[in-house]
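As structure tokens, the structure follows; a few thoughts come after it.
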Amino acid sequence: MTARAQIGVTGLAVMGRNLARNFARHGYTVAVHNRSYAKTESLIADHGDEGEFIPSETMADFVASLARPRKVVIMVKAGGPTDAVIDELVPLLDEGDIVIDAGNAHFPDTRRREEALRAHGLHFVGTGVSGGEEGALNGPSIMPGGSRESYEWLGPILEDISAKVDGVPCCTYVGSDGAGHFVKMVHNGIEYADMQLIAEAYDLLKAGLGASAQEIGEIFAEWNKGDLESFLIEITADVLQHVDAETGKAFVDIVLDRAEQKGTGRWTVQNALDLGVPITGIAEATFARALSGSTPQREAGRILPAVAGEWEVTDRDAFIEDVRLALYSSKVVAYSQGFDQIAAAAEEFGWEIDRGAMARIWRGGCIIRARFLNRITEAYELNPELALLLADPYFTEAVGNGVAAWRRIVSQAALNGVPTPAFSSSLAYYDGVRAERLPANVIQAQRDFFGAHTYQRVDKPGVFHTEWSGDRTESPA
Ligand SMILES: NC(=O)c1ccc[n+]([C@@H]2O[C@H](COP(=O)([O-])OP(=O)(O)OC[C@H]3O[C@@H](n4cnc5c(N)ncnc54)[C@H](OP(=O)(O)O)[C@@H]3O)[C@@H](O)[C@H]2O)c1
Numbered sequence: 471m472t473a474r475a476q477i478g479v480t481g482l483a484v485m486g487r488n489l490a491r492n493f494a495r496h497g498y499t500v501a502v503h504n505r506s507y508a509k510t511e512s513l514i515a516d517h518g519d520e521g522e523f524i525p526s527e528t529m530a531d532f533v534a535s536l537a538r539p540r541k542v543v544i545m546v547k548a549g550g551p552t553d554a555v556i557d558e559l560v561p562l563l564d565e566g567d568i569v570i571d572a573g574n575a576h577f578p579d580t581r582r583r584e585e586a587l588r589a590h591g592l593h594f595v596g597t598g599v600s601g602g603e604e605g606a607l608n609g610p611s612i613m614p615g616g617s618r619e620s621y622e623w624l625g626p627i628l629e630d631i632s633a634k635v636d637g638v639p640c641c642t643y644v645g646s647d648g649a650g651h652f653v654k655m656v657h658n659g660i661e662y663a664d665m666q667l668i669a670e671a672y673d674l675l676k677a678g679l680g681a682s683a684q685e686i687g688e689i690f691a692e693w694n695k696g697d698l699e700s701f702l703i704e705i706t707a708d709v710l711q712h713v714d715a716e717t718g719k720a721f722v723d724i725v726l727d728r729a730e731q732k733g734t735g736r737w738t739v740q741n742a743l744d745l746g747v748p749i750t751g752i753a754e755a756t757f758a759r760a761l762s763g764s765t766p767q768r769e770a771g772r773i774l775p776a777v778a779g780e781w782e783v784t785d786r787d788a789f790i791e792d793v794r795l796a797l798y799s800s801k802v803v804a805y806s807q808g809f810d811q812i813a814a815a816a817e818e819f820g821w822e823i824d825r826g827a828m829a830r831i832w833r834g835g836c837i838i839r840a841r842f843l844n845r846i847t848e849a850y851e852l853n854p855e856l857a858l859l860l861a862d863p864y865f866t867e868a869v870g871n872g873v874a875a876w877r878r879i880v881s882q883a884a885l886n887g888v889p890t891p892a893f894s895s896s897l898a899y900y901d902g903v904r905a906e907r908l909p910a911n912v913i914q915a916q917r918d919f920f921g922a923h924t925y926q927r928v929d930k931p932g933v934f935h936t937e938w939s940g941d942r943t944e945s946p947a
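Note that our numbering has the sequence shown beginning at 471, numbered continuously upward.
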């Protein structure tokens with residue numbers, strides 16, 4: 471067998487199959503392999519005419535069909551299966567070859583695998599891929615980690631098959647070892663927040679206006695023409711206006727109100743707790759899914775008194791605009807917090823992540839693609855060290871313009887008993903981060919009282935402790 475494939479894909483379920491087709495359609499010769507040969511055969515039978523594929527039944531033949539340095543994309547079920555494929559692959563590879571894990575791996579696993587393969591002289595590139603099966607075929611957003619050297623070989627191919635916005639590829643080098651999968655994880659966390667915020671906006675419009683799903687869908691379609699323009703707003707407008715064929719009712723009205731999750735939101739929140747970064751929007755969105763699935767608690771909770779008013783919105787258009795502004799502001803908070811998490815992880819793990827470039831590669835291909843990501847890129851270009859996205863001049867003004875509306879919406883929601891965990895927590899974060907003085911002084915005083923945990927003073931340097939159970943004298947700690 472001549473070793474002429476420019477790239478190989480092993481794992482030909484929906485994602486791998488479409489990624490392989492994407493490579494082939496861009497003129498690459500693609501080696502293809504799957505644990506069970508039937509999937510390989512079906513790819514060739516259904517799409518073999520889309521480009522040049524070299525199918526192999528065994529891993530050894532697959533590796534032998536690749537030109538050096540070999541570039542192998544693994545697209546299998548994340549977790550144990552990825553390790554199993556790596557174990558089979560590694561003995562067949564040579565120094566300098568590049569193994570790309572494009573599945574949804576947890577970044578600590580990617581760090582572990584990268585270290586192990588580096589010891590074999592191999593490059594291991596943990597790569598975030600977003601956009602689902604459609605993106606994999608027509609252009610995903612791609613977030614590769616690993617060594618810079620591997621990107622020299624791999625980057626042009628991945629950029630070629632990625633989504634393009636204004637001719638710019640939605641793919642760039644993210645950072646060493648697990649940085650690519652980390653950024654993909656935060657992307658998914660932001661996706662959770664974005665989806666929850668949209669769902670809360672829907673709920674507010676339903677409760678405040680008594681609007682039907684169809685009407686709310688039309689409002690979302692209108693919003694999609696402005697600052698909120700994004701894939702998620704667009705598909706929400708679409709699903710809200712969809713009618714269930716069986717009952718003739720609005721589709722969303724027959725869907726059970728229990729949101730599931732695959733775990734990336736949970737990983738994002740767990741990591742934020744480890745790093746000590748408040749990502750309240752993402753966390754509330756993750757907990758809101760958990761609450762929706764807390765069946766015994768929800769059944770028991772139905773008896774709880776609402777003590778809430780009858781919501782009467784008098785100015786329909788003004789209310790809709792308030793919800794829109796509150797949604798926009800809360801969304802900026804979710805991104806601001808997500809980018810803080812990326813900065814903190816970069817510091818922790820020694821990654822050099824260009825946050826503006828991350829916003830740029832999320833503009834197309836991925837689930838959170840949105841018009842306002844351009845603004846985030848511009849904010850980090852203006853100030854690469856920006857400590858708080860909300861404090862960028864553009865966002866300070868844009869969110870500032872919405873604060874009054876945001877307060878009206880969150881307070882009306884509270885008065886009328888409509889849960890808005892993401893809207894409310896985002897506003898609380900906004901007020902917290904802009905506060906001159908937080909009540910953390912009281913917490914620190916309590917900690918010193920019961921645990922001699924010490925405190926600092928506002929009027930002089932040093933660390934102090936007060937003898938609370940004795941004569942209450944203060945001494946330097
Ligand atoms: N679906 C999406 O929208 C999406 C989006 C982004 C990322 N991803 C990630 O992309 C990856 C692939 O997703 P997918 O939905 O296409 O497939 P999947 O259902 O997650 O996995 C099925 C594939 O894994 C292979 N596999 C499972 N266990 C294996 C083992 N022990 N050894 C070798 N191969 C094994 C299967 O081979 P057989 O055919 O032989 O069973 C099949 O090719 C996953 O990591 C997923 O999280 C998915």
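Glycine included, each C-beta is placed from N, C-alpha and C at the ideal position.
- Backbone secondary structure at His935 - three-state DSSP: As a working note, residue 935 is residue 465 in the sequence shown. Strand at His935.
- Closest residue to Pro854 among Lys695, Ile837, Gly696, Glu822 (Cα-Cα distance): Sequence index remark: in the sequence shown, residue 854 carries index 384 (1-based). Selected option, being the one with the closest Cα: Glu822.
- Where does Ala720 sit, in a helix, a strand or coil, going by DSSP? Reading the sequence shown from its first residue, position 250 is the one you call residue 720. Looking at Ala720 - three-state DSSP - the assignment turns out to be strand.
- Message: Quick check on DSSP: helix, strand or coil for Gly566?
- Response: Counting from one through the sequence shown, the residue named residue 566 turns up at place 96. It is coil, neither helix nor strand.
- Message: Just to confirm before moving on: does the CB-CB distance between Val500 and Ala494 stay below 8 Å?
- Response: Mapped onto the sequence shown, residue 500 falls at position 30. Mapped onto the sequence shown, residue 494 falls at position 24. A contact, by the Cβ cut-off of 8 Å.
- Tell me where the beta strand (DSSP E) around Val502 begins and ends. What you label residue 502 is simply residue 32 of the sequence shown in a count that begins at 1. Unbroken beta strand (DSSP E) run through Val502: 499-503.
- Query: What number of angstroms, rounded off, separates the C-alpha of Phe819 from the C-alpha of Pro578?
  - Reply: Taking the first residue of the sequence shown as position 1, residue 819 is located at position 349. Taking the first residue of the sequence shown as position 1, residue 578 is located at position 108. So the alpha carbons of these two residues sit roughly 11 Å apart.
- Using 7 Å as the cut-off, classify the Cβ of Leu897 as near or not near the heavy atoms of ligand 1, replying yes or no. As a position in the sequence shown, residue 897 is number 427, starting the count at 1. Not so, every heavy atom of ligand 1 lies at least 7 Å from the Cβ.
- Item | Residue interval of the alpha helix (DSSP H) (run including Pro626) | Numbered from 1 along the sequence shown, position 156 holds the residue referred to as residue 626. Here the alpha helix (DSSP H) through Pro626 covers 618-631.
- Message: Check for me: the alpha helix (DSSP H) holding Ile477 runs from which residue to which?
- Response: Along the sequence shown, read from residue 1 onward, the residue named residue 477 stands at position 7. Segment 477-480 is the beta strand (DSSP E) holding Ile477; no alpha helix (DSSP H) there.
- Message: For Arg759 and Ala669, what's the separation of their Cα atoms in angstroms?
- Response: Here residue 759 corresponds to residue number 289 of the sequence shown, with the count starting at 1. Here residue 669 corresponds to residue number 199 of the sequence shown, with the count starting at 1. Distance between the alpha carbons of Arg759 and Ala669 is about 11 Å.
- Query: Thinking C-beta only, is Gly478 closer than 8 Å to Phe523?
  - Reply: Indexing the sequence shown from 1 puts residue 523 at position 53. Indexing the sequence shown from 1 puts residue 478 at position 8. The answer is no: Cβ separation not under 8 Å.
- Three-state class that DSSP yields for His593 in the structure shown: Locating residue 593 in the sequence shown gives position 123, counting from the first residue. His593 falls in the strand class under three-state DSSP.
- Query: Around the C-beta of Thr706, are 16 or more other C-beta atoms found within 10 angstroms, so that it is buried, or is it exposed?
  - Reply: Along the sequence shown, read from residue 1 onward, the residue named residue 706 stands at position 236. Buried, by the Cβ-count rule.
- Does the stretch 594-606 come within contact of the stretch 828-841, defined as at least 3 CB pairs closer than 8 Å? yes
- Message: Using only the alpha-carbon positions, how far apart do Leu885 and Gly779 sit?
- Response: One-based indexing of the sequence shown puts residue 885 at position 415. One-based indexing of the sequence shown puts residue 779 at position 309. Going by the C-alpha atoms only, they are around 6 Å apart.
- Task: Give me every residue whose Cβ sits closer than 6 Å to any heavy atom of ligand 1, in chain order.
- Result: Gly481, Leu482, Ala483, Val484, Met485, Gly486, Asn504, Arg505, Ser506, Lys509, Met545, Val546, Lys547, Ala548, Pro551, Ala554, Val555, Gly573, Asn574, Val599, Gly602, Glu603
- Where Asn658 falls, given that 16 or more other Cβ within 10 Å makes a residue buried: Sequence index remark: in the sequence shown, residue 658 carries index 188 (1-based). Buried, since its Cβ has 16 or more Cβ neighbours within 10 Å.
- Which residues in the same chain as Gly932 place their Cβ atom closer than 6 Å to its Cβ, once the five residues preceding and following it in sequence are excluded? The residue labelled residue 932 in the question sits at position 462 within the sequence shown. Contacts found: Pro946.
- Task: Taking only the alpha-carbon atoms, compute the straight-line gap between Phe690 and Gly826 and give it to the nearest angstrom.
- Result: For the purposes of this step, residue 690 is taken as the residue at position 220 of the sequence shown. For the purposes of this step, residue 826 is taken as the residue at position 356 of the sequence shown. Computed Cα separation, rounded: 28 Å.
- Message: Between Glu730, Ile812, Trp623, which has its C-alpha nearest Asp744's C-alpha?
- Response: For the purposes of this step, residue 744 is taken as the residue at position 274 of the sequence shown. The shortest Cα separation from Asp744 among Glu730, Ile812, Trp623 belongs to Ile812.
- Item | Run of the alpha helix (DSSP H) containing Glu661, from where it starts to where it stops | Numbered from 1 along the sequence shown, position 191 holds the residue referred to as residue 661. That run of the alpha helix (DSSP H) goes 649-679.
- Message: Once the 5 residues before and after Tyr805 are set aside, which same chain residues still bring their CB inside 7 Å of it?
- Response: Locating residue 805 in the sequence shown gives position 335, counting from the first residue. Ile660, Ile846, Leu859, listed in sequence order.
- Item | C-alpha distance - Pro909 paired with Val903, whole-angstrom precision | Numbered from 1 along the sequence shown, position 439 holds the residue referred to as residue 909. Numbered from 1 along the sequence shown, position 433 holds the residue referred to as residue 903. Their backbone Cα atoms lie some 12 Å apart in a straight line.
- Message: Taking the straight line between their C-alpha atoms, what separation do you get for Asp673 and Gly637?
- Response: Position 203 of the sequence shown, counted from the start, is the residue given in the question as residue 673. Position 167 of the sequence shown, counted from the start, is the residue given in the question as residue 637. The straight-line gap from Cα to Cα measures roughly 38 Å.
- Query: Is Asp714 near Ala683, with beta carbons less than 8 Å apart?
  - Reply: In the sequence shown, counting from the first residue as 1, residue 714 sits at position 244. In the sequence shown, counting from the first residue as 1, residue 683 sits at position 213. Not a contact, by the Cβ cut-off of 8 Å.
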